[in-house]
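Peer 1:
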Amino acid sequence: MQNNIDNKVAIVNLGTELTQGFTLNTNAHWMAGRLRDLGFEVSYEITLPDDANVWSATWEMIRNAHVQTVILGGGLGPTEDDKTRSLVAETFGEPLEFHEECIPQIKAFIEKRGWKYSDANKIQAYFPHGAKVLENPVGTAPGFSITKDGVTLFAVPGVPFEARDMFDRHIVPFLQTKGVKPFFSRELRLAGIFESNMAEMFQKVQFPQSVSWSSLPVDDAIIFRTYTKESAEVLQDVERKLVEALDDKLCVVSTDGKTLTETVMDLLKSRGETLSTAESCTGGMIASEMVNLAGVSEVFKGGACTYWNEAKENIVQVPRTVLEKHGAVSEETVLAMAEGAQKAFHSDWAVATSGVAGPDGGTAEKPVGLVWMAVASKNKKFAFCKKFSGDRGQIRRKSVFKVLDALRRAILEENEQKSTCTKVQ
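Each residue of the sequence shown is one higher than the last, beginning at 122 in the working numbering.
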């Protein structure tokens, strides 16, 4: 029977630049995801400064938790603050040894890129006695692994693309020898629903003991993930029950992990239709979300950033009388913007936004956070408003995904109407 401690892994990243907030630690996030998929439990995910005392205290904590695999990132460079080699050597009670055979590869990598090799780089060829040197074909610093008293420690560079290459090249094969069963997982994305409402509805669903779940709000949706080591079929059955428990079936954005924007693109492609945008407060963010996707040129025709009233009037033909009577932030204006974009770009669908993103400019009638949004097609047009909370950036981002979700729902409703008409005929 497999020992549970074989599943435990600790991720430790060294670097004062990380703990002081100068650099974002993306390595830990990426590695934790890969370890999860491989079936391993991340017992610790820790970021430490370049301090020997802090490292010693952390190492004692990890050992007391009976973790058998440790991934230590960073600190393998040629400068004085790169302390990983010496810290590990002291921790494992082994002296550092020079590996002359590593120098030609380090030197060739540096000179191939037009840089000057320095004797300072020799420190990158020192490893604790008994350690296995790990090749790093995408960087200058080789990594190493060392095993003692049932614990295996992998030291990898902090540079993200080097750390990821080394993880897949050296750490994954080692982990696979442990015979840990990988996780099966599914990702249900929901939009237009609060987590509290979702939790209440999902209480109707009985989860098998083998299934774990988590929920996470992100910009465009709530991600509801389920995990098990049993089978993919178990998760499919759970997901079916979850969807059945939803009062609003249209809140399901995807069951395959696709984002809201990707789903909108797929829906438009399936119908052979196109989209355009007219944006005021979002300033081109909707268009940017769309063009971030490969293959979107099939469906996205273009967008107009109409921030000034003059631009609204001249580019998407919002009547001056509408602007004077109702103002830029109004139902009438966003409807005219959406219709104008649809005509200007000859698109099947168009969306528009106009609001008060703040922090200034709000009034009692139109407070900061109020955004009017519109969707238009040849068959329908509608507008709605929402009072968003948050700072300027948050208000703008929330507006982007709210109007894209309204577009998604409008397309799905048309699909349903077409399906119903076909059945009746």
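Glycine included, C-beta positions come from ideal geometry on N, C-alpha and C.
Report the start-end ranges of each alpha helix (DSSP H) in the region 297-382 that is 4 residues or longer and not cut off at the edges.
Peer 2: 316-323, 353-366, all fully within the region 297-382.
Peer 1: Assuming Ala459 and Ser475 make a contact with CB atoms under 8 Å, what is their CB distance in whole Å?
Peer 2: Stepping through the sequence shown from its first residue, residue 459 is reached at position 338. Stepping through the sequence shown from its first residue, residue 475 is reached at position 354. That belief does not hold up - the Cβ atoms of Ala459 and Ser475 are roughly 10 Å apart, past 8 Å.
Peer 1: For Gly196, count neighbouring Cβ atoms within 10 angstroms of its own Cβ and tell me buried if that reaches 16, exposed if not.
Peer 2: Numbered from its first residue, the sequence shown carries residue 196 at position 75. Burial call: buried.
Peer 1: Please state the DSSP three-state secondary structure of Lys204.
Peer 2: Here residue 204 refers to the residue found at position 83 when the sequence shown is read from its first residue. In this structure, Lys204 counts as coil in the three-state DSSP scheme.
Peer 1: Less than 7 Å between the beta carbons of Met287 and Gly264, yes or no?
Peer 2: Counting from one through the sequence shown, the residue named residue 287 turns up at place 166. Counting from one through the sequence shown, the residue named residue 264 turns up at place 143. Yes, these two residues count as a Cβ contact at 7 Å.
Peer 1: Considering only their Cβ atoms, is the gap separating Thr403 from Ser306 smaller than 7 Å?
Peer 2: The residue given as residue 306 occupies position 185 in the sequence shown. The residue given as residue 403 occupies position 282 in the sequence shown. Going by C-beta atoms, Ser306 is not nearer than 7 Å to Thr403.
Peer 1: Per DSSP, what kind of secondary structure is Ser401 in: helix, strand or coil?
Peer 2: Numbered from 1 along the sequence shown, position 280 holds the residue referred to as residue 401. In the structure shown, Ser401 sits in coil (DSSP, three-state: anything other than H, G, I, E or B).
Peer 1: If we ignore side chains and look at the alpha-carbon of each, how far apart do Gln297 and Asp171 end up?
Peer 2: Indexing the sequence shown from 1 puts residue 297 at position 176. Indexing the sequence shown from 1 puts residue 171 at position 50. Rounded to the nearest angstrom, the two C-alpha atoms are 31 Å apart.
Peer 1: Using 7 Å as the threshold, is the C-beta distance between Ala425 and Ala457 below it?
Peer 2: The residue labelled residue 425 in the question sits at position 304 within the sequence shown. The residue labelled residue 457 in the question sits at position 336 within the sequence shown. No, the pair does not count as a contact, with Cβ atoms beyond the cut-off.
Peer 1: When you compare the region 382-401 with the region 414-434, are there three or more beta-carbon pairs, one atom per stretch, that lie closer than 8 Å?
Peer 2: In short, these stretches touch, since the Cβ pair count reaches three.
Peer 1: I'd like to confirm the pairing. Which residues does DSSP put opposite Asn134 in its beta bridges?
Peer 2: One-based indexing of the sequence shown puts residue 134 at position 13. Bridge partners of Asn134: Thr168, Gly194.
Peer 1: Glu351 and Ser335 look like a contact to me (Cβ under 8 Å); what is the Cβ gap, rounded to whole Å?
Peer 2: Counted from its first residue, the sequence shown places residue 351 at position 230. Counted from its first residue, the sequence shown places residue 335 at position 214. Contact flag wrong, Cβ pair sits at about 17 Å.
Peer 1: Please specify which runs of the alpha helix (DSSP H), each continuous and at least 4 residues long, are wholly inside the region 447-478, giving them in chain order.
Peer 2: Listed in chain order, the complete alpha helix (DSSP H) runs (minimum 4 residues) inside the region 447-478 are 452-466.
Peer 1: Given a cut-off of 7 Å, decide if Tyr165 and Ala210 are closer than it, judged by their beta-carbon atoms.
Peer 2: Residue mapping note: residue 210 aligns to position 89 of the sequence shown, counting from 1. Residue mapping note: residue 165 aligns to position 44 of the sequence shown, counting from 1. For Ala210 and Tyr165, no; Cβs fall outside 7 Å.
Peer 1: Can you list, in chain order, the residues of its chain with a C-beta nearer than 7 Å to that of Thr308? Leave out the 5 residues immediately preceding and following it.
Peer 2: On the sequence shown, residue 308 is found 187 positions in, with the first residue counted as 1. Thr is not the amino acid found at residue 308; the sequence shown has Glu there. The residues are Ile344, Arg346, Gly378.
Peer 1: Buried or exposed for Gly461, going by 16 or more other Cβ atoms inside 10 Å?
Peer 2: As a working note, residue 461 is residue 340 in the sequence shown. By the neighbour-count rule (16 or more Cβ atoms within 10 Å), Gly461 is buried.
Peer 1: Are the beta-carbon atoms of Leu363 and Ala342 separated by less than 7 Å?
Peer 2: For the purposes of this step, residue 363 is identified with residue 242 of the sequence shown, where counting begins at 1. For the purposes of this step, residue 342 is identified with residue 221 of the sequence shown, where counting begins at 1. Not a contact, by the Cβ cut-off of 7 Å.
Peer 1: Assuming Asp469 and Glu394 are in contact, meaning their beta carbons sit under 8 Å apart, how far apart are those beta carbons, in whole angstroms?
Peer 2: As a working note, residue 469 is residue 348 in the sequence shown. As a working note, residue 394 is residue 273 in the sequence shown. About 4 Å; that satisfies the 8 Å criterion.
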